[in-house]
Amino acid sequence: MFSRAVQRALHARGPAAALSRAATATTTRPAVAPAASAAAAVVVSGRSSIHTSAVRRSDAKKTDEEALQPGALARTDETITVEYPPDDEFPPSALAEGQGRAGVNVYPTLATFSLEGKVGVVTGGARGLGLVMGQGMVISGADLAIVDLNKEEAEAQAKAIVDTFKAEHPKAKRLPKVTAHYADVSDPESVEACIAEIVKAHGKIDNLVTSAGFTENFEAVKYPIDRMRKLWGVNVDGTYLFATSVARHLMEREAKGSMVFIGSMSGSIVNVPQPQAPYNSAKAAVRHLAASLAVEWAHAGIRVNCISPGYMLTALTQKILDDNPDLKRQWTSLIPQGQMGSPQDLMGPVTFLLSDAANYVTGADLRVDGGYTVT
1 MFSRAVQRAL HARGPAAALS RAATATTTRP AVAPAASAAA AVVVSGRSSI
51 HTSAVRRSDA KKTDEEALQP GALARTDETI TVEYPPDDEF PPSALAEGQG
101 RAGVNVYPTL ATFSLEGKVG VVTGGARGLG LVMGQGMVIS GADLAIVDLN
151 KEEAEAQAKA IVDTFKAEHP KAKRLPKVTA HYADVSDPES VEACIAEIVK
201 AHGKIDNLVT SAGFTENFEA VKYPIDRMRK LWGVNVDGTY LFATSVARHL
251 MEREAKGSMV FIGSMSGSIV NVPQPQAPYN SAKAAVRHLA ASLAVEWAHA
301 GIRVNCISPG YMLTALTQKI LDDNPDLKRQ WTSLIPQGQM GSPQDLMGPV
351 TFLLSDAANY VTGADLRVDG GYTVT
């Protein structure tokens with residue numbers, strides 16, 4: 001048997017390492033049948049022994065020292081061979097659990113998209129993308145806390161969301177609770193005070209959408225460092241501060257939660273013709289921060305994903321394009337769908353990632369860009 005240190009190292013390699021270890025240890029131990037979709041691993045299923053024709057190992061056993069040589073655990077193992085099994089050896093598949101009409105097995109997918117009973121927080125929620133995504137959360141059943149530098153505008157939008165809901169659902173038995181809160185997302189003390197205020201108002205927080213951010217277009221060699229620090233403070237520090245504060249709240253409650261960071265396609269590609277290196281790098285940081293925290297917090301049941309919008313036709317964007325009509329033609333010429341997106345195009349993606357429908361999705365970057373980054 002391997003030492004405890006090597007066992008831990010092999011475990012970190014995942015299923016392939018586990019399969020290697022199983023093949024080394026025995027060829028007669030019963031194997032657990034995996035899901036049919038995991039076809040590559042089916043070789044160990046359905047029989048009381050591992051198929052020796054499918055999984056072969058060298059007779060020579062690696063020592064602990066060999067297994068821990070530099071780079072050893074990052075290489076492929078030539079002794080592992082997995083063959084797809086014949087149909088008569090393939091394990092049967094089961095339908096998803098759930099019972100529908102006439103005894104038909106179904107999985108209630110639509111219900112899993114609901115945010116009923118959840119409390120969501122959206123930063124930068126008084127206007128633009130944040131406002132519309134917050135509205136989408138409410139439409140999907142959540143109560144909402146709108147966070148913005150402009151609390152008065154946030155209060156007006158909170159009232160507008162509730163009024164719109166009442167108009168569209170006149171027979172609703174329950175109205176959503178939508179509150180407005182001030183925070184400077186780049187200031188740790190302001191963030192902590194805001195989170196405490198939200199918890200006091202709603203009792204808890206389940207979901208977070210970090211939409212606070214801004215961009216500026218300057219040549220890098222001419223961009224003032226104080227502007228750079230402010231841009232990063234809002235886009236990156238603000239995301240980090242709100243995420244960690246909400247995570248502490250969830251961990252204290254021992255509750256699951258879901259977060260969506262609003263990045264940008266600019267975090268993955270370099271837009272042209274406008275120069276925006278500081279913004280691009282900030283959004284790249286947001287994207288990788290989501291992936292890093294997804295791994296770090298997975299054990300606590302906290303999912304973290306990123307949405308990277310493409311060119312969205314917000315009020316601010318419209319003003320820029322009105323002043324620069326050639327820019328719109330350049331942008332749309334690079335979008336396979338031939339048009340810019342609308343803020344409403346983010347309602348579905350953000351609801352999906354926050355909801356139980358995305359229960360096994362974490363660390364992902366969902367690009368909503370009309371195919372811009374594909375070409």
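Okay, so the sequence shown: first residue is 1 according to UniProt numbering, each after it adds one. C-beta atoms are modelled at their ideal positions from N, C-alpha and C, and glycine is treated no differently. All values reported here derive from a predicted model rather than from experimental measurement.
Next item on the list: Out of 208, 239, 219, state which residue places its alpha-carbon closest to the alpha-carbon of residue 353.
Entry: As a working note, residue 353 is residue 353 in the sequence shown. With distances taken between Cα atoms, residue 353 lies closest to 208.
Next item on the list: Would you mind listing the beta strand (DSSP E) stretches within the segment 272 to 353 that are 3+ residues and don't spill past its ends, in chain order?
Entry: Listed in chain order, they are 302 to 309.
Margin query: Within a Cβ cutoff of 8 Å, which residues of the same chain sit near residue 153, ignoring the five residues on either side of it in sequence?
Written below: Locating residue 153 in the sequence shown gives position 153, counting from the first residue. Hits under 8 Å: 126, 127.
Item checked: Beta-bridge partners of residue 360, as assigned by DSSP -> Here the question's residue 360 lines up with position 360 in the sequence shown. For residue 360, which the question treats as bridged, DSSP gives no partner whatsoever.
Next item on the list: Report the three-state DSSP secondary structure of residue 144 (helix, strand or coil).
Entry: Here residue 144 refers to the residue found at position 144 when the sequence shown is read from its first residue. Residue 144 falls in the strand class under three-state DSSP.
Item checked: Opening and closing residue of the beta strand (DSSP E) in which residue 181 lies -> Here residue 181 refers to the residue found at position 181 of the sequence shown. Its beta strand (DSSP E) spans residues 178 to 182.
Checklist line | Helix, strand or coil at residue 264 according to DSSP, with G and I counted as helix | finding: Taking the sequence shown and counting its residues from 1, the one referred to as residue 264 is at position 264. Of the three classes helix, strand and coil, the one that applies to residue 264 here is coil, per DSSP.
Margin query: Counting C-beta neighbours from all protein chains within 10 Å, is the total for residue 160 16 or more, i.e. buried, or is it exposed?
Written below: The residue given as residue 160 occupies position 160 in the sequence shown. So residue 160 ends up on the exposed side.
Notebook entry, point to check: Between residue 201 and the rest of its own chain, which residues show a CB-CB distance below 6 Å, the 5 nearest in sequence each way excluded?
Noted result: Start at 1 with the first residue of the sequence shown, and residue 201 comes out as number 201. Hits under 6 Å: 179.
Note to self: Alpha carbons only, please: which of 68, 219, 363 is nearest the one belonging to residue 263?
What the structure shows: Taking the first residue of the sequence shown as position 1, residue 263 is located at position 263. Checking every option, the nearest Cα to that of residue 263 belongs to 363.
Notebook entry, point to check: Taking the C-alpha atoms as reference points, what is the distance between residue 53 and residue 278?
Noted result: Walking along the sequence shown from the start, residue 53 turns up at place 53. Walking along the sequence shown from the start, residue 278 turns up at place 278. Confidence is the limiting factor: at residue 53 the pLDDT is only 43, short of 50, which leaves the residue's position unreliable, though a coordinate-based value still follows. Rounded to the nearest angstrom, the two C-alpha atoms are 56 Å apart.
Item checked: Proximity below 8 Å, CB of residue 294 to CB of residue 286 -> Working through the sequence shown from its first residue, we reach residue 294 at position 294. Working through the sequence shown from its first residue, we reach residue 286 at position 286. No. Outside cutoff.
Notebook entry, point to check: Looking only at its own chain, which residues have a Cβ that is under 7 Å from the Cβ of residue 157, when we skip the five neighbours before and after it?
Noted result: In the sequence shown, residue 157 corresponds to position 157, counting from 1. Contacts found: 126, 131, 146.
Checklist line | Span of the alpha helix (DSSP H), counted from its first residue to its last, around residue 253 | finding: Translated into the one-based positions of the sequence shown, residue 253 becomes position 253. That run of the alpha helix (DSSP H) goes 238 to 253.
Note to self: Are the CB atoms of residue 234 and residue 212 within a distance shorter than 8 Å?
What the structure shows: For the purposes of this step, residue 212 is taken as residue 212 along the sequence shown, with counting starting at 1. For the purposes of this step, residue 234 is taken as residue 234 along the sequence shown, with counting starting at 1. Yes, the Cβ-Cβ distance between residue 212 and residue 234 is below 8 Å.
Note to self: Across the segment 137 to 144 and the segment 314 to 331, are there enough close Cβ pairs to call them in contact, namely three or more that are closer than 8 Å?
What the structure shows: no
Note to self: Excluding the 5 residues flanking residue 118 on each side, which residues of the same chain have their C-beta closer than 6 Å to its C-beta?
What the structure shows: For the purposes of this step, residue 118 is taken as residue 118 along the sequence shown, with counting starting at 1. Answer for residue 118: 142, 206, 207, listed in chain order.
Check: Which term fits residue 71, buried or exposed, when burial requires 16 or more other beta carbons within 10 angstroms of its beta carbon?
Finding: Indexing the sequence shown from 1 puts residue 71 at position 71. Exposed, since its Cβ has fewer than 16 Cβ neighbours within 10 Å.
Next item on the list: State the CB to CB distance for the pair residue 181 and residue 151, rounded to an integer number of angstroms; the pair is presumed to be in contact (CB under 8 Å).
Entry: Locating residue 181 in the sequence shown gives position 181, where the first residue counts as 1. Locating residue 151 in the sequence shown gives position 151, where the first residue counts as 1. Correct: roughly 7 Å between the Cβ atoms.
Next item on the list: Excluding the 5 residues preceding and the 5 following residue 227 in the sequence, name in chain order all residues of the same chain whose CB lies nearer than 7 Å to its CB.
Entry: Translated into the one-based positions of the sequence shown, residue 227 becomes position 227. Answer for residue 227: 216, listed in chain order.
Checklist line | Beta-carbon contacts of residue 331 that lie in its chain and below 6 Å, excluding the five residues immediately before and after | finding: As a first step, residue 331 is located in the sequence shown; it is residue number 331 there, counting from the start. Closer than 6 Å at Cβ, skipping near neighbours: 311.
Check: Between the C-alpha atoms of residue 218 and residue 366, what's the straight-line distance to the nearest angstrom?
Finding: Taking the sequence shown and counting its residues from 1, one reaches residue 218 at position 218. Taking the sequence shown and counting its residues from 1, one reaches residue 366 at position 366. Taking the straight line from one Cα to the other gives about 27 Å.
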